[in-house]
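Remarks on the structure that follows.
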Amino acid sequence: MDKIIIRGGNRLVGTIPIGGAKNAALPLMAAALLSDEPLRLSNLPHLADISTMAHLLSDMGVSIAMDGDAPDGGHMGRVFALDASTLNSTTAPYELVRRMRASILVLGPLLARHGHARVSLPGGCAIGTRPVDLHLKALQTMGAEIELTEGYIDATAPNGLQGGHVLFSNITVGGTENILMAATLAKGETVIANAAREPEVTDLAHCLVAMGAKIEGIGTDTLKVQGVEKLHAAEHAVVPDRIEMGSYAVAAAITGGNVLLQGGRADLLESVIDVMREAGVDIQDEKEGLRVQCTPGNLKGFDAMTEPYPGFPTDMQAQMMVLASVAGGASMLTETIFENRFMHVPELVRMGADINVHGRSAIVRGVEKLSGAQVMATDLRASSSLVLAGLVADGETVINRVYHLDRGYERLEKKLADCGAEIERVRGEG
Ligand code: UD1
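With the sequence shown counted from 1, adding 125 to any position gets you the working numbering.
As structure tokens, this is what we get:
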């Protein structure tokens, strides 16, 4: 398995291109299942999770033509034309769902267009149990019959899905996306209440409208969908990745650097920007993107609590903990979305951070210096926090299990090295 080796201490100065959002791209690719005409998606990031979704869709018979690719160093992203007219299976097998939980996003579209789907139940994952009960309950409200057998969800809608009133008892991003897609082809009106408002949900809604869906309330917590007979061909560019943006903003801040996040948009990341400014980071919206600067020694403690959008994103909690670790004074980070999302804490402590976890909150007292160590991460954002810690640590940090990073950060080591970081990937076997 590959490793990443970082020798910390360098100030990051330069430009980092921001790619398309992984978490928008995955549901957008699944949306291709809703039509027998092609969906052309541009600005797709080149990531392991995108390949897994492409694999899953082509396994079902969707034909995927790659129309373009980003030249190395560019930030235009990939272009896929997905054509589901050749679909010949409605099964998402365990081998692929196991690799990526977002595979569950094929359930709503398959059921809506074909009246049946068999999707492996995603298991737990490193950050919690992560059930899909809310997805299933909402589909049942729309007339789906669901059985759980042999680890699979067997869903049928013999008479097609019916519109209905779906009230999510908890805000769920994937659940909202699945039901939104299903509702576009259901009979009559579907109201989705307490819907997730994440920019990735909004991006999906805009793409569905371009495909001919009738959706009101986009960007709010109540989505109203009038079902249509069929959806048609469309083109859509994936929204920029706010978590990639936020992660590199932290990298610039903790190294006392000056980095332009090219293609970055402040409106996607307001809650994080507010907290970073409170912590002493200077962030300016420029024509080409977001400029992040920080005077060395200027960082101070802050409090942040993760919440559904527009609140502070859980996917930035681990990275901000690194910022807190090297800021002056104390910080408190509270996690309310996932029950087990402090897996990075023991690794950061091994690097010299002063962090105490009390229930859902972590109290972080800033230290003068972190020190390099051999570390290992259990999930994507935890891995990125270890890279960030490595950038400011004394000596060498070796990050094992890099495959987590490859799921969510495109050309991470090149983007950081181009701004002056001493970082390299060592290829491993197996
Ligand atoms: C998505 C993101 C992930 C992010 C998360 C929260 C993608 C591919 N992934 O994950 O990066 O961290 O949103 O912003 O977009 N829940 C249930 N039952 C359900 C569904 C969810 O109890 O049926 C719970 C989950 O366990 C979790 C909370 O609801 O505690 C939020 O999960 P959800 O918003 O669904 O996350 P994902 O869509 O899986």
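Built from N, CA and C at the ideal position, the CB exists for glycine as well. Keep in mind that this is a model prediction, so the values were computed, not measured.
Beta strand (DSSP E) segment containing K339, residue limits: 339-341
Same chain, Cβ closer than 8 angstroms to R552, neighbours up to 5 away in sequence not counted: D127
CB of G422 within 8 angstroms of CB of G389, strictly: no
Beta-carbon contacts of T211 that lie in its chain and below 8 angstroms, excluding the five residues immediately before and after: G186, V187, S188
Cβ separation of L292 and V353, assumed to be a contact under 8 angstroms, to the nearest whole Å: Contact doesn't hold; Cβ gap of about 23 angstroms is too wide.
Neighbour flag for L230 against chain B, beta carbons, 8 angstroms: No chain B is part of this structure, which consists of one protein chain only.
Backbone secondary structure at P365 - three-state DSSP: strand
Contact the region 145-154 vs the region 363-375: 3+ CB pairs below 8 angstroms: yes
6 angstroms CB neighbourhood of I488 in its chain, flanking five on each side removed: M457, N481
Residues bridged to L525 [DSSP beta-bridge criterion]: The sequence given here places Asn at residue 525; Leu does not occur at that position. The partner list for N525 (beta bridge, DSSP) reads M501.
Contact check, A502 vs S508, beta carbons under 8 angstroms: yes
I141, DSSP secondary structure in three states: strand
As assigned by DSSP and simplified to three states, the class of N481: Note: N481 maps to strand in three-state DSSP.
Cβ-based neighbour list, S372, same chain, cut-off 6 angstroms, excluding 5 preceding and 5 following: Q444, S509
Own chain residues within Cβ distance below 6 angstroms of T216, not counting five before or after: Spatial neighbours of T216 in its own chain (CB-CB distance under 6 angstroms, excluding positions within 5 residues in sequence) are listed in chain order as R243.
Residue range of the beta strand (DSSP E) that includes N274: What sits at residue 274 in the sequence shown is Thr, not Asn. Looking at the DSSP string, the run of the beta strand (DSSP E) that includes T274 is 270-274.
Whole-angstrom C-beta distance between G453 and G491, which should lie under 8 angstroms: At roughly 5 angstroms, the Cβ-Cβ gap stays under 8 angstroms, so G491 and G453 are in contact.
Nonlocal neighbours in the same chain, by C-beta distance under 8 angstroms from G276, ignoring five residues either side: Y219, S245, L246
Classification of H200 by the beta-carbon crowding that lies within 10 angstroms, buried from 16 upward: Because H200 carries a pLDDT of 48, less than 50, the predicted location of this residue cannot be relied on, and the following value inherits that uncertainty. With 16 or more Cβ atoms within 10 Å of its Cβ, H200 is classed as buried.
Rounded straight-line distance, which links the Cα of H361 to that of L207: 12 angstroms
Cβ-Cβ distance between P438 and E302 below 8 angstroms: Not in contact: P438 and E302 (Cβ atoms no closer than 8 angstroms).
Neighbourhood of V334 by C-beta distance below 8 angstroms, restricted to the same chain and skipping five residues each side: I340, I343
Distance, E535 Cα to D197 Cα: The predicted model places D197 with a pLDDT of 47, which falls under 50 and marks its position as unreliable, so this point remains unresolved.
At least three beta-carbon pairs within less than 8 angstroms, the region 305-323 to the region 425-435: Short answer: they touch.
Limits of the beta strand (DSSP E) - the one that H241 falls within: Start and end: 241-245.
Per-residue burial, D440 [other beta carbons within 10 Å of its own, 16 or more giving buried]: buried
DSSP three-state assignment for R322, whether helix, strand or coil: coil
Beta-carbon proximity list for D428, same chain, < 6 angstroms, skipping 5 on both sides: Annotation for D428: M457 place their beta carbon closer than 6 angstroms to its own, counting only its chain and skipping 5 residues before and after.
One or two residues paired with N303 in a DSSP bridge: DSSP, once it has assigned bridges, lists no residue as partnering N303.
Best match in V523, V231, V474 for proximity to H566 [C-alpha to C-alpha]: Outside the shown range of the chain, which is 126 to 555, sits residue 566, and nothing can be said about it.
Bounding residues of the beta strand (DSSP E) (the contiguous stretch that carries L212): Here L212 belongs to no beta strand (DSSP E), and DSSP marks it neither H nor E.
Whole-angstrom distance between G288 and A209, CA atom to CA atom: Rounded to the nearest whole angstrom, the CA to CA distance from A209 to G288 is 24 angstroms.
Environment of E411 [buried if 16+ CB atoms lie within 10 Å]: exposed
beta-carbon T177 near ligand 1 non-hydrogen atom, thresh 7 angstroms: Result no, Cβ not under 7 angstroms from ligand 1.
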